[in-house]
């Protein structure tokens with residue numbers, strides 16, 4: 309039996325966390341790590357205590373905001389960062405594993421919080437049909453190591 313790389317373990321966990329999402333449009337998971345330890349996890353969905361989109365609006369999802377986005381959704385990476393900070397865990401110097409590359413708004417938060425590396429599985433630009441991954445471009449411009457995951461997800465079924 310071979311030992312899996314930490315990148316594989318964390319990305320596999322992020323993919324499995326995505327399965328917890330209540331969003332009917334897209335399931336995204338995130339794992340925040342530091343020094344080979346998991347410090348927080350998250351997946352996209354509404355704030356705790358509000359409506360679960362797949363239960364409240366199973367056919368259409370949550371109402372749209374003025375820009376056409378989900379009115380309730382908190383992104384997976386935001387949830388992971390918020391949970392860590394809420395529990396007084398420093399995210400500075402951490403690595404974030406996420407199943408969908410960060411949008412521009414999340415990239416600004418990632419940069420501002422001092423996270424120094426992002427590993428993503430799928431492209432936000434490819435998912436949204438836009439020209440470039442604006443969040444990835446932003447992070448790279450400001451010196452945050454940002455790479456697309458190239459490892460092996462041997463124990464994951466679906467969602468990839």
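Residue numbers (the numbering used here): 309 to 468.
For glycine and all other residues, C-beta sits at the position ideal for the given N, C-alpha and C.
All values derive from a computational prediction rather than experimental measurement.
- The residue among 436, 437, 434 and 402 with its C-alpha nearest the C-alpha of residue 420 is 402.
- Cβ neighbours of residue 408 within its own chain (closer than 6 Å, five residues either side excluded): 336, 430 and 432.
- Distance between residue 380 and residue 371, taken at the CA atoms: about 8 Å.
- The region 341-377 is shown to contain whole beta strand (DSSP E) runs of 3 or more residues at 345-351, in chain order.
- Residue environment: residue 387 is assigned as buried (16 or more neighbouring CB atoms within 10 Å of its CB, all protein chains considered).
- When only Cα atoms are considered, residue 363 and residue 330 end up about 8 Å apart.
- From the listed residues 457, 453, 443 and 320, the smallest Cα separation to residue 423 is found for 453.
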